[in-house]
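These protein sequence lines are chains H and Y, in that order.
Heads up: the first sequence begins at 58 in our numbering, then just goes up one per residue.
Heads up: the second sequence begins at 58 in our numbering, then just goes up one per residue.
Ideal Cβ positions, reconstructed from N, Cα and C, are used throughout, including at glycine.
Here the structure is a predicted model, which is why all the values come from computation and not from measurement.
In what follows, a single structure is set out as structure tokens and then discussed.
2 protein chains.
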Amino acid sequence: MTRERRHSRRREETETISPEVAKITQPIHKYPILELLNPEAVQTIHEKSLEVLRDIGIAFLDDPEAQAILTAHGVTVRDQIAYFDPDLIMEYVGKAPAQFTQLARNPANNVQIGGNALTFAPVYGPPFVHDLERGRREATLADFHNFVKLAYQSPYLHHSGGTIVEPTDEPVPTRHLDMVFAHIKYSDKAFMGSVTSGLNAEDSVRMAEILFGAEKIREMPALVSLINASSPRRFDDRMLGSMKVYAHARQAMLISPFVLSGAMSPVTAAATVVQMNAETLAGIAFTQMINPGCPVIYGSFQATIDLQNGSPTFGTPEAQIALAMSAQMARFYNLPFRSGGMFTSSKIPDAQSAYESVLAMLPAINSRTNFILHAAGWLEGGLVAGYEKFVLDCEVLGMYHKYLEGVDLSDEAFAMDSIREVPPGGHHLGTPHTMRHFRTAFYRAELFDANSAEQWREMGSLDSAQRANAKYKKLLRQYEAPALDEGVEEALKDFMARRKRELR
Amino acid sequence: MTRERRHSRRREETETISPEVAKITQPIHKYPILELLNPEAVQTIHEKSLEVLRDIGIAFLDDPEAQAILTAHGVTVRDQIAYFDPDLIMEYVGKAPAQFTQLARNPANNVQIGGNALTFAPVYGPPFVHDLERGRREATLADFHNFVKLAYQSPYLHHSGGTIVEPTDEPVPTRHLDMVFAHIKYSDKAFMGSVTSGLNAEDSVRMAEILFGAEKIREMPALVSLINASSPRRFDDRMLGSMKVYAHARQAMLISPFVLSGAMSPVTAAATVVQMNAETLAGIAFTQMINPGCPVIYGSFQATIDLQNGSPTFGTPEAQIALAMSAQMARFYNLPFRSGGMFTSSKIPDAQSAYESVLAMLPAINSRTNFILHAAGWLEGGLVAGYEKFVLDCEVLGMYHKYLEGVDLSDEAFAMDSIREVPPGGHHLGTPHTMRHFRTAFYRAELFDANSAEQWREMGSLDSAQRANAKYKKLLRQYEAPALDEGVEEALKDFMARRKRELR
């Protein structure tokens, strides 16, 4: 293709925006919040969490520097366990901002995190992928690229995520470089940094600096990185190393216990939320001791286990309740809240996967959640990223966008003239009101077949996963990378090459 | 089998209650209601509905007796269209009770309809059935029996429903007798009467009288029957005939428009809810003119259409919003509310069917709905009852039961000793607290596979629909009919035989 043709093609694209790459718009929560707890119950959970923090403590393991930071700020550390005075912890938690904006390479894709804004981010962490033709297999860097491209093309994902899959064909010491580079190269949405070690976090910050400039990312974070407490009551040295780096660089962190109730916490929702709340507050306070005002997200990842065989279970009623409770705690502390996701234990994109996913999302949609990681693609308890599941989930995210738009109560919406004009038993298909609105009236989920049984059979009797298979392949075929400044790309590649030499 | 063996088998059953036939318990809504409208908006919808009732009118078609009843109660009827004075309609709507109890053959299965109680009833109306082996085919009386048996065995369905499928192999004039008899014979849960004509409604009442006694069913209704407005703004003679019979016999009615927005109402939620509200209020007022205090349910069935091909679409965001709005209107009038259902356009129990079903249920669960028809088994826009879909949906109903139980905030639930006892990074699998609760802690959805990928492959790599296929067949194999008094059965059979002679 000549340079001229390339140019004209690009112009065509910007002039006729395909619905697949329409500018993303974050939903804004407008509805009342469904609160399962009354204010007294919120206060009780708060007080019991303070009791855990003061008397039972949270381990900050194998990181003398982290322990020294805690001690220097008035925390008692004994046998690696930190005991927090209630006033002290609330003082530091109070320093974290209620909301912040994360930079994206395309400024139109900057995301607001907190307040009434909602951010959907793709699945994070699976070492395997699944598609209908090839089944389940180890994830590769090519899969990583594919999922970044799919997330880039969805108008309903506001974020490129982080370890969208684990690129198992790349060496462990250097694969974080390939992942961060892929987010920058193949998308222009906001993304997450590496948390596999303090050094890898450093590399993530350096690459964000190359992209945005060192000063700019101190004003507004370029990275949101996932810090998991290894529950119960523990942060390990890997996470502490990353926390220190990101806090010093004023990069945002999602501080989130990962709890399967019955294993990492008691089976009951009340106890689980108390323990998770204590863990999250300890992590947040630690970040604020290092760098007051550093943006954080109050996180909650909780599922249950099948107590007959120990397997994690998702979308369960107990998890729905715990999520709604955690959301209330985050609001109590006036912090952005992360939870929810299209979770399932299913190995394949079948009915189970869909039932569980939407059930898991139900309280997140009702509870004014701000950041939903794993909003598309999750299968098999998070071990697998599913190609078909990814695009199916995106349909549901589109439906949530429409649902969250609110209720139109304008005179035009009441359409009294139209009600008057159509006789009893008549129809509204051709009325002026219908003609004015039919293009935008209803969200259209193209993967959800509404045809008659006859039409559906003529089209091959495909199930939704088979339609999703065609759709994700079409998206990958039609993908075109957003232009990246050549100097920036060169600098990033040079940095990676140097680091790969040093790390191998 | 000898009489003695039968007897001992029956005793064994009552002594060891299988989880499948455990006594049903209706969920009680305890959480706050998610209200999308503020009180002013509710008032606006109310006033616009009164405007429709007063100025635009509702047709009461082809039934001079019904029109005479309206006229006698002060309604203006012109060209078959009834125009209701606002005070008059509110006076009659105000006569309907806020809640009532419906009789079941087994008094333990009587259902409370209204207040904070929730009733799940199975799918209603499909002329076709679907299962994995035989695909889609016309429904027969044998299918009707099968679905009644499945509903009877689910502890999460509180009601046997009505036309659970259309028994197309029975003659149209008499099949209502076979349906009512099947509900009585094969289940002991509450059920619905026929609405295909006034005469068929009479037969339903007669059979309820044989079962319960003529006086008893005047005190407490034995039938809840589905009266659909044929929207826009119309009740036809078939429905009016049934309404008159049931109102005179003081049997409960579910007064419900059936609206696909964009076809039977304007595309917007505000206009749709105004029109539906006017239709429902007109129907309810009519029942109260005939028999003040007759129990009714304020109903709302609304879906959208695909404006490209006219197909109905389900679980859409627009329908979710309209449902939540209608629920607020029903509460405004202090009436029991019916809406929701496991709706889908999908032809098969695939991911689409599950996504749409749970999305359609989301606002019903949040909005203190009292009666959810179509809570299990719906496929293909209601044209098909799916065997596998039915048992899959029941799993989700079980999860809702657990979700709606509320939050346990007892000291035992906070489990502070257990949090204290388990060291950082330890586990709660064997703690005394876990041992005390592990049997009941989590709802277990047996059709939702939480096994590892390896275990799942060893068990045949089945998807959830395939597991559901085995489950429904097992339920039908293990089904045993609840004992029915021989005299009652004889009397019902005599009645049916006579009516079949008369009607053929």
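The C-beta of Lys-206/H has 16 or more other C-beta atoms within 10 Å across all chains shown, which makes the residue buried.
Counting only unbroken stretches of 3 or more residues, the beta strand (DSSP E) elements lying wholly within the segment 182-251 of chain H are 185-188, 192-195, in sequence order. With distances taken between CA atoms, Tyr-303/H lies nearest to Met-264/H out of Met-333/H, Pro-323/H, Met-264/H, Phe-389/H. Runs of alpha helix (DSSP H) with 4 or more residues, each lying fully within the segment 433-486 of chain H, are found at 444-460, 468-471, 473-478, listed in chain order. If you look at Ser-282/Y, you'll find it in the beta strand (DSSP E) that goes 281-286.
Chain order gives no chain H residues near Asp-120/Y, where near means a beta carbon separation below 8 Å; the closest approach is about 14 Å.
Cβ contact annotation for Glu-92/Y (same chain, cutoff 7 Å, sequence separation greater than five): Gln-385, in chain order. With a minimum length of 4 residues, the unbroken runs of alpha helix (DSSP H) contained wholly in the segment 115-139 of chain H fall at 121-129.
Secondary structure at Ala-342/Y: helix, using DSSP grouped into helix, strand and coil.
Here the C-alpha atom of Ala-239/H lies approximately 13 Å from the C-alpha atom of Thr-231/H. DSSP places Thr-101/H in the helix class (H, G or I) of the three-state scheme.
As the crow flies, the alpha-carbon of Asp-520/Y is around 37 Å from that of Val-324/Y. Secondary structure within the segment 367-412 of chain H: the alpha helix (DSSP H) runs of 4 or more consecutive residues, fully enclosed, are 374-389 (chain order).
Short of 6 Å from the beta carbon of Glu-437/Y, and not among the five residues preceding or following it, lie these beta carbons of its own chain, in chain order: Lys-404. Taking a 10 Å sphere around the C-beta of Lys-550/Y, we find fewer than 16 other C-beta atoms and assign the residue as exposed. Counted as a single uninterrupted DSSP element, the beta strand (DSSP E) harbouring Phe-358/H occupies residues 358-362. Using a Cβ-Cβ cut-off of 7 Å, Ser-251/H is close to nothing in chain Y; its nearest Cβ partner there is about 23 Å away. Cβ atoms of Leu-280/H and Met-236/H stay farther apart than 8 Å, at about 12 Å. In the assembly as shown, Thr-497/Y is an exposed residue. Its beta-carbon has fewer than 16 other beta-carbons within 10 Å. Contact annotation: the segment 536-551 of chain H does not touch the segment 211-220 of chain H, with fewer than three C-beta pairs closer than 8 Å. In the DSSP assignment, Leu-317/Y falls outside any alpha helix (DSSP H) and within the unbroken beta strand (DSSP E) covering 309-318. Listed by position along chain Y, the residues whose Cβ is nearer than 9 Å to that of Ala-116/H are Pro-480, Pro-481, Gly-482. Closest option to Thr-488/H, judged by alpha-carbon separation, among Ser-467/H, Ile-476/H, Gly-356/H: Ile-476/H. Interface residue (Cβ-Cβ distance to chain Y less than 9 Å): Ile-405/H is classified as such. The beta carbons of Arg-395/Y and Ile-90/Y sit no closer together than 9 Å. Nearest to Glu-336/Y by alpha-carbon distance, out of Ser-288/Y, Glu-452/Y, Ala-320/Y, is Ser-288/Y. The beta carbon of Leu-419/H is closer than 7 Å to those of Gln-377 in its chain, skipping five residues each way along the sequence.
In the DSSP annotation of this structure, the continuous segment of the alpha helix (DSSP H) that includes Ile-146/H starts and ends at 143-150.
Between the segment 172-192 of chain H and the segment 253-269 of chain H there are fewer than three C-beta pairs closer than 8 Å, too few to call the two in contact. When Cβ-Cβ separations below 9 Å define contact, Ile-429/H makes no contact with chain Y.
Measuring C-alpha to C-alpha distances from Glu-272/H to each of Pro-352/H, Ala-306/H, Asp-506/H, Ser-282/H identifies Ala-306/H as the nearest.
In this structure, DSSP gives Arg-524/H a helical state, which the three-state scheme calls helix. For Ala-208/H, the CB contacts under 6 Å within the same chain, skipping 5 residues up- and downstream, are Pro-179, Leu-214, Ser-217 in chain order.
For Val-168/H, no Cβ of chain Y is located within less than 9 Å of the residue's own Cβ. Phe-495/Y is not bridged by DSSP to any residue. The DSSP-derived three-state label of Phe-292/H is strand.
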